[in-house]
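Chemist: So that we are looking at the same thing, I have put the structure below in structure tokens.
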Amino acid sequence: MPTNQPEYLVERLLKPQLTYLLLARPHRFKSWLVDDLAVSVASDTPAFGQFPVYHAPVILIDEDTPTPTLMNRLTRFCCYRNIDLNSIQLDCRSMQGFQLDDAVSVSALEQEIQAIGGPVLVILDCLTSMAGAWDMDRTAHANRAVQVWNRLKAAGATLIVVHHISIHGKEDHEIFGSRDFTRFSMGNTRLVSGCDIGFGIWEIDGVSPQTIVVVKKERRELIDVPDAFSLQLIEDPARSWVYLHYLEEVPEMPSENARLIYGLFAAQPTAVFTVKEVRNETGQILSDRHLREALKELHTNDVIELECRNVHNIYKYKLNPNFATMTTNYAEELRK
Numbered sequence: 009m010p011t012n013q014p015e016y017l018v019e020r021l022l023k024p025q026l027t028y029l030l031l032a033r034p035h036r037f038k039s040w041l042v043d044d045l046a047v048s049v050a051s052d053t054p055a056f057g058q059f060p061v062y063h064a065p066v067i068l069i070d071e072d073t074p075t076p077t078l079m080n081r082l083t084r085f086c087c088y089r090n091i092d093l094n095s096i097q098l099d100c101r102s103m104q105g106f107q108l109d110d111a112v113s114v115s116a117l118e119q120e121i122q123a124i125g126g127p128v129l130v131i132l133d134c135l136t137s138m139a140g141a142w143d144m145d146r147t148a149h150a151n152r153a154v155q156v157w158n159r160l161k162a163a164g165a166t167l168i169v170v171h172h173i174s175i176h177g178k179e180d181h182e183i184f185g186s187r188d189f190t191r192f193s194m195g196n197t198r199l200v201s202g203c204d205i206g207f208g209i210w211e212i213d214g215v216s217p218q219t220i221v222v223v224k225k226e227r228r229e230l231i232d233v234p235d236a237f238s239l240q241l242i243e244d245p246a247r248s249w250v251y252l253h254y255l256e257e258v259p260e261m262p263s264e265n266a267r268l269i270y271g272l273f274a275a276q277p278t279a280v281f282t283v284k285e286v287r288n289e290t291g292q293i294l295s296d297r298h299l300r301e302a303l304k305e306l307h308t309n310d311v312i313e314l315e316c317r318n319v320h321n322i323y324k325y326k327l328n329p330n331f332a333t334m335t336t337n338y339a340e341e342l343r344k
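Put into structure tokens, the structure is as follows:
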């Protein structure tokens, strides 16, 4: 085990010799995030445009992304930094058949980490594609995966593990309305309990530039980033370069259900509606729970006002007369 570990590999974000678990549905830019970190640490350039790094070798094992796609993405991250991909300390292993249930492969990686004798960032992308015969939905198999992580961590690695999850047909905004990592990670309890820090990732729909939100779950260590932060994907029109821009705050974006209900109030700006009337006017396409959640979202963001609540516990809502001049990100997005 190396004894000369720095305080951070990526300031505020990645402490050495910890296991970080990244959870998200497929195609939510998980790989973009870890590839940006890989290039930053391997090239000694700031992560996300602002976080200083400790220059260290990086082993990127990607069994999920087609090799040409991965190399193009890494090249674009390097192009933005004006560096050559072949000149940095990045060992990229794409589609080489690495499997966590293969004792020989795991032992070889463990010995390689030990031989480096200092800080090294190891990225496994993604867990499902390198689980072999193990089923991550089974606790016994998830336990074995965690045991492998712990071996690699004990050898000296700072480990980032990427994992695809399913949230059973729910849309991202349904899960992340409250930014609840526990709810989001449901069904992956053993994997989460085996990591030191977890991250849940989702994409904000309909935003330009493309924006992802990251929610952290600190289990055994603390890191100095907000509970939720966001990253914007910035690229040139020719797509020759790309980088991720860090935002300390999360843009407040209206959900699709809130947009639907807002349309009713916008069309009749002086009208007053009960919950039942909103349901009928919108064609009864939302469940009672989703309808009330959307009304609460609009009310919380000052789009609509609670007109009255009588003895029969009937709520009535109307459009906030000042909404047209509100300049919050939420209001501006809703008016588009």
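Numbering (my numbering), first residue to last: 9 to 344.
Beta carbons are placed, not taken as given, at the ideal position from N, Cα and C, and that holds for glycine.
Taking 7 Å as the limit between beta carbons, can you name the residues of its chain near E315, skipping five residues before and five after?
Modeler: Here residue 315 corresponds to residue number 307 of the sequence shown, with the count starting at 1. Same-chain partners within the cutoff: V280, K324, Y325 and K326.
Chemist: For V42, which residues in the same chain have their Cβ closer than 8 Å to its Cβ, ignoring the five residues on either side in sequence?
Modeler: Counted from its first residue, the sequence shown places residue 42 at position 34. Cβ within range, chain order: L30, L68, I131, D133, I168 and V170.
Chemist: Under the three-state reduction of DSSP, which class applies to W249: helix, strand or coil?
Modeler: What you label residue 249 is simply residue 241 of the sequence shown in a count that begins at 1. Coil, per DSSP.
Chemist: Do the CB positions of F59 and L98 come within less than 8 Å of each other?
Modeler: One-based indexing of the sequence shown puts residue 59 at position 51. One-based indexing of the sequence shown puts residue 98 at position 90. Against a cut-off of 8 Å, the Cβ pair of L98 and F59 comes out as no contact.
Chemist: Can you find the residues in the same chain that come closer than 7 Å, C-beta to C-beta, to L342, ignoring five residues on each side of it along the sequence?
Modeler: Translated into positions along the sequence shown, residue 342 becomes position 334. Same-chain partners within the cutoff: P262, R267, Y270 and V311.
Chemist: Using 10 angstroms around the beta-carbon of G206, count the other beta-carbons present and answer buried if the total reaches 16, otherwise exposed.
Modeler: Residue 206 sits at position 198 when you count from the first residue of the sequence shown. Classification for G206: buried.
Chemist: Which same chain residues, not among the five before or five after M138, have their C-beta less than 8 Å away from its C-beta?
Modeler: Reading the sequence shown from its first residue, position 130 is the one you call residue 138. Taken in chain order, the residues that qualify are I69, E71, F106, Q107, L108 and L132.
Chemist: Could you tell me the alpha carbon to alpha carbon distance between T282 and Y28, rounded to whole angstroms?
Modeler: Reading the sequence shown from its first residue, position 274 is the one you call residue 282. Reading the sequence shown from its first residue, position 20 is the one you call residue 28. In a straight line, the C-alpha of T282 is about 47 Å away from that of Y28.
Chemist: Determine the closest residue to T136 out of A163, H149, I91 and I124, with distance taken between C-alpha atoms.
Modeler: Looking up residue 136 in the sequence shown gives position 128. Checked all of A163, H149, I91 and I124; the closest Cα to T136 is H149.
Chemist: Verify whether the separation of the beta carbon atoms of V222 and A236 is less than 8 Å.
Modeler: As a first step, residue 222 must be located in the sequence shown, where it is residue number 214. As a first step, residue 236 must be located in the sequence shown, where it is residue number 228. A contact, by the Cβ cut-off of 8 Å.
Chemist: By the three-class DSSP mapping on this structure, what secondary structure does S220 have?
Modeler: Mapped onto the sequence shown, residue 220 falls at position 212. Per the sequence shown, residue 220 should be read as Ile rather than Ser. DSSP places I220 in strand when its eight states are reduced to three.
Chemist: Quick one: what's got a C-beta closer than 6 Å to L93's C-beta in the same chain, skipping five residues either side?
Modeler: Position 85 of the sequence shown, counting from 1, holds the residue named residue 93. Closer than 6 Å at the Cβ level, and outside the excluded window around L93, lie L82, T83 and C86.
Chemist: What are the residues that DSSP puts in a beta bridge with T278?
Modeler: Here residue 278 corresponds to residue number 270 of the sequence shown, with the count starting at 1. According to DSSP, T278 bridges with nothing at all.
Chemist: DSSP state of F331, grouped into three classes?
Modeler: Residue mapping note: residue 331 aligns to position 323 of the sequence shown, counting from 1. Residue state, collapsed to three classes: helix.
Chemist: In the DSSP assignment, what residue or residues form a beta bridge with Y129?
Modeler: What you label residue 129 is simply residue 121 of the sequence shown in a count that begins at 1. Reading off the sequence shown, one finds Leu at residue 129, where the question assumed Tyr. DSSP lists V66 and T166 as partners of L129.
Chemist: Which term fits S153, buried or exposed, when burial requires 16 or more other beta carbons within 10 angstroms of its beta carbon?
Modeler: If you number the sequence shown from 1, residue 153 lands on position 145. Here residue 153 turns out to be Ala, not Ser, going by the sequence shown. Buried, by the Cβ-count rule.
Chemist: Measuring only the C-alpha atoms, how far is K344 from Y338?
Modeler: Within the sequence shown, numbered from 1, the residue matching residue 344 stands at position 336. Within the sequence shown, numbered from 1, the residue matching residue 338 stands at position 330. Answer to the nearest angstrom: the Cα atoms are 10 Å apart.
Chemist: From S201 to L78, what does the alpha carbon distance come to, in whole angstroms?
Modeler: Residue 201 sits at position 193 when you count from the first residue of the sequence shown. Residue 78 sits at position 70 when you count from the first residue of the sequence shown. Cα to Cα, S201 sits roughly 30 Å from L78.
Chemist: Skipping 5 residues on each side, what residues in its chain have a beta carbon closer than 6 Å to that of S102?
Modeler: On the sequence shown, position 94 is the one that residue 102 refers to. Contacts found: D70, T75 and L78.
Chemist: With burial defined as no fewer than 16 other Cβ atoms inside 10 Å of the residue's Cβ, what is the status of R228: buried or exposed?
Modeler: The residue you call residue 228 lines up with position 220 of the sequence shown. That one is exposed.
Chemist: How close, in whole Å, do the beta carbons of G6 and A64 come, if the pair is a contact with beta carbons under 8 Å?
Modeler: Outside the shown range of the chain (9 to 344) lies residue 6, about which nothing can therefore be said.
Chemist: Would DSSP call Y16 helix, strand or coil?
Modeler: The residue you call residue 16 lines up with position 8 of the sequence shown. Looking at Y16 - three-state DSSP - the assignment turns out to be coil, as it is neither helix nor strand.
Chemist: With a cut-off of 8 Å on the beta carbons, I'd call F37 and I220 a contact; round off their distance for me.
Modeler: Here residue 37 refers to the residue found at position 29 when the sequence shown is read from its first residue. Here residue 220 refers to the residue found at position 212 when the sequence shown is read from its first residue. Confirmed, about 5 Å.
Chemist: Who pairs with W40 in a beta bridge, going by DSSP?
Modeler: As a working mapping, residue 40 is identified with position 32 in the sequence shown. DSSP, once it has assigned bridges, lists no residue as partnering W40.
Chemist: Closest to K224 by CA distance: which of S193, L299 and P14 is it?
Modeler: Numbered from its first residue, the sequence shown carries residue 224 at position 216. Per the Cα distances, S193.
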